[in-house]
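Student: Under mature numbering (1 follows the signal peptide of the UniProt record, and there is no 0), read the sequence shown as residues -23 to -1, 1 to 44, first letter to last. Where a beta carbon is used, it is the ideal one built from N, C-alpha and C, also for glycine. Please find one structure pasted underneath; my questions will follow.
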Amino acid sequence: MKVLYLLLLSLYLLFSLIAPGAGLTALFHRYPEYECVRKGGTCNFSPCPRFTRIDGACYQGRAKCCV
């Protein structure tokens, strides 16, 4: 019974930290750097290499996602 209460308490604390209205999407947020690498690109502070194109931004807009 104590284990059940500990589990419920941990779930309550987890969901109480999420801002109201954010829902479960806040738990699965992906950073732009992850999305860039997932598309097969790299985050570069310098200009993109030849034969690649800019497809978004990384590091809060300071770098470019080159795919």
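Spell out the partners DSSP gives Lys(-22) in its beta bridges.
Tutor: Translated into positions along the sequence shown, residue -22 becomes position 2. Answer is none; Lys(-22) lacks a bridge partner.
Student: Cys43 and Thr29 - do their beta-carbons sit closer together than 7 Å?
Tutor: As a working note, residue 29 is residue 52 in the sequence shown. As a working note, residue 43 is residue 66 in the sequence shown. Against a cut-off of 7 Å, the Cβ pair of Cys43 and Thr29 comes out as a contact.
Student: For Cys35, which of helix, strand or coil comes out of DSSP?
Tutor: Along the sequence shown, read from residue 1 onward, the residue named residue 35 stands at position 58. Note: Cys35 maps to strand in three-state DSSP.
Student: Going straight from the alpha carbon of Arg15 to that of Met(-23), what length do you get?
Tutor: Counted from its first residue, the sequence shown places residue 15 at position 38. Counted from its first residue, the sequence shown places residue -23 at position 1. Each residue's alpha carbon lies about 43 Å from the other.
Student: Determine the closest residue to Gln37 out of Asn21, Val(-21), Leu(-18) and Pro26, with distance taken between C-alpha atoms.
Tutor: Your numbering for residue 37 matches position 60 in the sequence shown. Of the candidates Asn21, Val(-21), Leu(-18) and Pro26, the one whose C-alpha sits nearest the C-alpha of Gln37 is Asn21.
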